[in-house]
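Scroll down for the structure; my scribbles are underneath it.
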Amino acid sequence: MRTSFIITTLVLILGGITVANLVQTNSGDVAVSDVRFNSDVGELSALLYRPSSANKDAPAPGILAVHGYINSRETQSGFAIEFARRGFVVLALDQTGHGYSAPPAFAAGFGGPAALKYLRELPFVDIERIGLEGHSMGGWTVQMAAAAMPDAYHAMVLQGSSTGTFGAPEGTPTSPRNLLLVFSLFDEFSQLMWGADVPAEIVSTQKLKTLFGTSESVVPGKRYGDLNAGTLRKLTMPPVTHPGDHLSRAAIGDAMDWFADLLGSPHPMTSDNQTWYWKELATGAALIGLAMLTFILIGAAMPKLNKNGFFSLVQTPTSKPIVTTRSMQRLSLAATICVPIILFFPVQTLANLVLPASSFLPQQITNGFLMWAISVAAISLLILYFSTRGQSFEGSGLIVKRRTIAGSMLLAIACFAALYVVVLATETIALVDFRFWVVALKRMSGIQVRMFLIYLPFFTVFFLALSASLHLTANRTLPLRTAMWRNALLLSSGYIALLVAQYVPLVSGGSMLIASQPLLTIVAFQFIPLMAFVALVSTYCFYRTNNIYTGAFLNSLVITWYMVAGTATQAVPFWL
């Protein structure tokens with residue numbers, strides 16, 4: 000491994016973590032702490048942002064900030080950082096069943112009532128100046144808090160959210176109190192939230208007009224109602240998507256201005272004075288560095304293992320591809336790109352019915368991925384079987400000795416453990432994770448570790464099948480780097496095409512091509528970097544070991560970790 004590659008990796012990780020921590024703490028002026036408190040279903044988790052100016056003698060206004068579905072407390076960092084810079088105490092909650100909060104998801108008002116109670120009990124918070132802010136399902140969370148304690152807050156901001164959805168109270172001209180609704184022009188959930196197929200048309204829905212107390216279409220930017228009566232209303236529509244709210248200076252700025260105006264900002268700043276994006280870029284750089292570290296770990300391990308004789312267990316003799324016809328090669332290539340995309344929506348939707356969250360498999364989104372992955376693996380193996388009939392698998396990288404499989408597994412576990420230690424140490428010391436936008440890798444809770452062990456064997460089957468399809472019949476005369484990036488493009492291109500097909504109609508003023516799948520469409524963004532990473536690791540390991548096992552095992556470990564730690568737990572696991 001080149002020295003420049005190693006140095007770049009270290010700079011990205013260490014520099015990214017350092018910058019992220021400095022921005023998150025406003026260069027030490029804001030104390031960020033990991034807090035826990037009780038709810039009706041168990042312990043809840045949150046990040047508490049406390050400006051140095053907030054104390055018992057000079058209490059500061061407080062804001063409860065809540066993420067959306069299958070996210071975590073760190074997702075709200077853009078909002079929390081800017082609120083805290085302006086002197087607000089911020090409690091960024093992990094909803095029930097999300098992050099490090101006790102499952103199940105959706106229980107106990109999503110955790111909102113308990114979080115609001117905790118915020119109000121802090122001695123350095125002015126309970127007469129409390130704001131509630133939530134994105135998507137986080138908006139429903141803060142509404143549940145408001146319903147439980149209707150006199151415990153003064154103003155609310157709903158980001159990409161709605162009233163009267165999924166158990167949240169119906170909106171009226173008087174409730175929620177003093178409301179800013181930030182609903183983006185290209186929000187994928189306009190039908191679910193407000194009953195409009197086209198996001199821009201929510202202004203004409205009866206639901207929104209009722210909330211704003213008007214019989215005419217709501218005008219973005221116009222104030223409705225009366226502040227003193229608690230009926231103040233305003234709608235803004237930044238030109239971004241639903242998850243784009245988290246990367247929008249306009250969306251974050253609108254929320255800052257609303258609370259500064261209605262609660263009073265201890266440290267007034269203009270809304271264009273924002274620094275949160277440096278933290279986002281820094282943790283994104285650290286995430287890239289962590290991915291690069293994977294190859295350093297593998298590359299560093301090989302010579303040492305070879306010196307100790309262990310590498311002979313992992314590496315097999317030079318392998319050769321299985322010969323197939325050109326037509327079967329084309330079919331296999333097309334299937335690798337198209338089959339995962341064709342099955343992406345229908346199989347995961349079907350999983351909600353046939354593989355619901357249970358005490359054994361408690362995560363519904365992960366169950367959907369699991370059923371999709373097994374389906375893709377089955378079809379891939381069938382195509383591989385028919386394309387290689389009559390051919391020998393000896394020397395292809397598939398048929399190896401048992402000790403080779405065991406050695407590959409140990410090597411993958413060692414690399415995984417090293418990556419996990421880096422993530423664990425980073426979160427423990429700096430209270431930041433490795434993320435950019437919707438892609439985030441963080442440590443697992445004790446509950447999640449057990450779920451990880453349950454899901455791991457199933458996803459290992461998928462990655463073994465994927466590695467076999469990707470490498471056994473592939474051209475092995477390509478240079479390593481060329482093969483790595485070719486396969487990265489191969490595995491990610493289908494998701495790029497899917498997103499283009501979905502978003503071109505949306506940003507053109509209509510709705511998505513398949514408008515019934517807003518959640519999975521947003522999830523598909525993650526598959527672009529994830530599948531590229533999978534291809535890079537799989538190809539690198541295959542070229543170094545001449546078999547499919549090390550890369551498949553390492554990918555299954557990392558991606559299962561990523562999924563289990565980053566989504567929601569909808570059922571109570573059997574061991575609790």
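Just so you know, this note's numbering puts 136 at position 137 of the sequence shown, and the rest follows in order with no gaps. Glycine included, each C-beta is placed from N, C-alpha and C at the ideal position. What you are looking at is a predicted structure, and each value in this text was computed from that prediction instead of being measured.
Original post:
Hey, would you say residue 450 sits closer than 9 Å to residue 572, going by beta carbons?
Top reply: In the sequence shown, the residue the question calls residue 450 occupies position 451. In the sequence shown, the residue the question calls residue 572 occupies position 573. Their beta carbons are under 9 Å apart, which means residue 450 touches residue 572 by this criterion.
Original post:
Candidates 328, 22, 49, 16: which alpha carbon is nearest residue 29's?
Top reply: Locating residue 29 in the sequence shown gives position 30, where the first residue counts as 1. Comparing Cα positions, the closest option is 49.
Original post:
Which two residues bound the contiguous alpha helix (DSSP H) that contains residue 39?
Top reply: On the sequence shown, residue 39 is found 40 positions in, with the first residue counted as 1. Residue 39 -> no alpha helix (DSSP H), and no H or E assigned at all.
Subject >> Burial state of residue 554 (16 or more Cβ within 10 Å) >> reply: Position 555 of the sequence shown, counting from 1, holds the residue named residue 554. Buried: at least 16 other Cβ atoms inside 10 Å.
Original post:
From what residue to what residue does the alpha helix (DSSP H) around residue 413 run?
Top reply: Position 414 of the sequence shown, counted from the start, is the residue given in the question as residue 413. Counting along the chain, the alpha helix (DSSP H) containing residue 413 begins and ends at 401 to 429.
**OP:** Quick one: residues in its chain with C-beta nearer than 6 Å to the C-beta of residue 105, no 5 flanking neighbours on either side, listed in chain order?
**Re:** Translated into the one-based positions of the sequence shown, residue 105 becomes position 106. Same-chain partners within the cutoff: there are none.
**OP:** Report yes or no: do the stretch 499 to 510 and the stretch 358 to 370 share at least 3 C-beta pairs separated by less than 8 Å?
**Re:** Taking 8 Å as the limit for Cβ pairs, the verdict is that the stretch 358 to 370 does not touch the stretch 499 to 510.
Original post:
To the nearest angstrom, how far is it from the Cα of residue 405 to the Cα of residue 463?
Top reply: Residue mapping note: residue 405 aligns to position 406 of the sequence shown, counting from 1. Residue mapping note: residue 463 aligns to position 464 of the sequence shown, counting from 1. Taking the Cα positions, residue 405 is about 14 Å away from residue 463.
**OP:** Report yes if the CB atom of residue 581 is closer than 9 Å to the CB atom of residue 83, and no otherwise.
**Re:** Here the chain has residues from 0 to 575 only, and residue 581 is not among them.
Original post:
Should the stretch 255 to 270 be regarded as contacting the stretch 77 to 92, the criterion being three or more beta carbon pairs within less than 8 Å?
Top reply: Touching, yes, given that three or more Cβ pairs across the two stretches are closer than 8 Å.
Original post:
Skipping 5 residues on each side, what residues in its chain have a beta carbon closer than 6 Å to that of residue 73?
Top reply: By 1-based counting over the sequence shown, the position of residue 73 is 74. Excluding its 5 nearest sequence neighbours in each direction, residue 73 has C-beta neighbours in its own chain below 6 Å: 432, listed in chain order.
Subject >> One or two residues paired with residue 174 in a DSSP bridge >> reply: In the sequence shown, the residue the question calls residue 174 occupies position 175. DSSP output for residue 174 lists 171 as bridge partner(s).
Subject >> From 193, 471, 132, residue whose alpha carbon lies closest to that of residue 61 >> reply: The residue given as residue 61 occupies position 62 in the sequence shown. For the options 193, 471, 132, the alpha carbon positioned closest to that of residue 61 is the one of 132.
**OP:** For the beta strand (DSSP E) containing residue 158, list its first residue and its last residue.
**Re:** Position 159 of the sequence shown, counted from the start, is the residue given in the question as residue 158. Start and end: 154 to 158.
**OP:** Using the Cα positions of residue 70 and residue 411, report the straight-line distance between them to the nearest angstrom.
**Re:** Mapped onto the sequence shown, residue 70 falls at position 71. Mapped onto the sequence shown, residue 411 falls at position 412. So the two alpha carbons sit approximately 28 Å from each other.
**OP:** Would you grab the beta carbon distance between residue 65 and residue 141 for me? Rounded to a whole angstrom, and I think it's under 8 Å.
**Re:** Residue mapping note: residue 65 aligns to position 66 of the sequence shown, counting from 1. Residue mapping note: residue 141 aligns to position 142 of the sequence shown, counting from 1. Right, their Cβ atoms sit about 6 Å apart.
Original post:
Touch check for the stretch 279 to 290 and the stretch 252 to 262: three-plus C-beta pairs under 8 Å?
Top reply: No, because fewer than three Cβ pairs between the stretch 279 to 290 and the stretch 252 to 262 fall closer than 8 Å, the two stretches do not touch.
Subject >> Beta-carbon gap between residue 240 and residue 185 smaller than 9 Å >> reply: Reading the sequence shown from its first residue, position 241 is the one you call residue 240. Reading the sequence shown from its first residue, position 186 is the one you call residue 185. Cβ distance < 9 Å, so residue 240 and residue 185 count as in contact.
Subject >> Cβ-based neighbour list, residue 149, same chain, cut-off 6 Å, excluding 5 preceding and 5 following >> reply: Mapped onto the sequence shown, residue 149 falls at position 150. Answer for residue 149: no residue qualifies.
Original post:
Would a C-beta distance cut-off of 9 Å place residue 125 and residue 43 closer than the cut-off?
Top reply: Within the sequence shown, numbered from 1, the residue matching residue 125 stands at position 126. Within the sequence shown, numbered from 1, the residue matching residue 43 stands at position 44. In this structure, residue 125 keeps its C-beta atom at 9 Å or more from the C-beta atom of residue 43.
Original post:
If you draw a straight line from the alpha carbon of residue 7 to that of residue 529, how long is it in whole angstroms?
Top reply: Indexing the sequence shown from 1 puts residue 7 at position 8. Indexing the sequence shown from 1 puts residue 529 at position 530. Residue 7 and residue 529: Cα-Cα distance of roughly 21 Å.
Original post:
Is DSSP giving residue 55 helix, strand or coil here?
Top reply: Residue 55 sits at position 56 when you count from the first residue of the sequence shown. Correct three-state label for residue 55: coil.
Original post:
At what residue ranges does the stretch 176 to 251 contain a whole run of the alpha helix (DSSP H), taking only runs of 4 or more?
Top reply: Secondary structure in the stretch 176 to 251: the alpha helix (DSSP H) runs of 4 residues or longer, each lying completely within the stretch, are 189 to 193, 205 to 211 in chain order.
**OP:** Check residue 134 in the structure and name its three-state DSSP category.
**Re:** Counted from its first residue, the sequence shown places residue 134 at position 135. Of the three classes helix, strand and coil, the one that applies to residue 134 here is strand, per DSSP.
**OP:** Could you say which of 57, 342, 25 lies nearest to residue 80 if we only look at CA atoms?
**Re:** Residue numbering aside, residue 80 sits at position 81 when the sequence shown is read from its first letter. Relative to the Cα of residue 80, the nearest Cα in the group 57, 342, 25 belongs to 25.
**OP:** Closer than 6 Å by C-beta to residue 284: which residues in its own chain qualify, once you throw out the five before and the five after it? Chain order, please.
**Re:** By one-based count along the sequence shown, residue 284 stands at place 285. In its chain, beyond the 5 residues on either side, 11, 15 have a beta carbon closer than 6 Å to the beta carbon of residue 284.
**OP:** Report the option in 407, 295, 17, 273 whose CA atom is closest to the CA atom of residue 3.
**Re:** The sequence position of residue 3 within the sequence shown is 4, counting from 1. The shortest C-alpha separation from residue 3 is found at 295.
Original post:
Helix, strand or coil: which one does DSSP assign to residue 605?
Top reply: Residue coverage of the chain in this structure runs from 0 to 575, which leaves residue 605 outside it and unanswerable.
**OP:** Under the assumption that residue 490 contacts residue 536 (Cβ atoms under 8 Å), give the Cβ distance between them as a whole number of angstroms.
**Re:** Counting from 1 along the sequence shown, the entry for residue 490 is found at position 491. Counting from 1 along the sequence shown, the entry for residue 536 is found at position 537. Not a contact, Cβ separation roughly 11 Å.
**OP:** In angstroms with no decimal places, state the Cα-to-Cα distance between residue 510 and residue 244.
**Re:** In the sequence shown, the residue the question calls residue 510 occupies position 511. In the sequence shown, the residue the question calls residue 244 occupies position 245. Spanning the alpha carbons of residue 510 and residue 244 requires a straight line of approximately 18 Å.
Subject >> residue 288 vs residue 556 beta-carbon contact at 9 Å >> reply: Within the sequence shown, the letter at position 289 stands for residue 288. Within the sequence shown, the letter at position 557 stands for residue 556. Their beta carbons are not under 9 Å apart, which means residue 288 does not touch residue 556 by this criterion.
**OP:** Measure the CB-CB distance between residue 562 and residue 364 and report whether it falls below 9 Å.
**Re:** Walking along the sequence shown from the start, residue 562 turns up at place 563. Walking along the sequence shown from the start, residue 364 turns up at place 365. Cβ atoms of residue 562 and residue 364: closer than 9 Å.
Original post:
Between residue 143 and residue 22, what straight-line distance do the alpha-carbon atoms span, to the nearest angstrom?
Top reply: Position 144 of the sequence shown, counted from the first residue, corresponds to residue 143. Position 23 of the sequence shown, counted from the first residue, corresponds to residue 22. Distance from the CA of residue 143 to the CA of residue 22, rounded to the nearest whole angstrom, comes to 31 Å.
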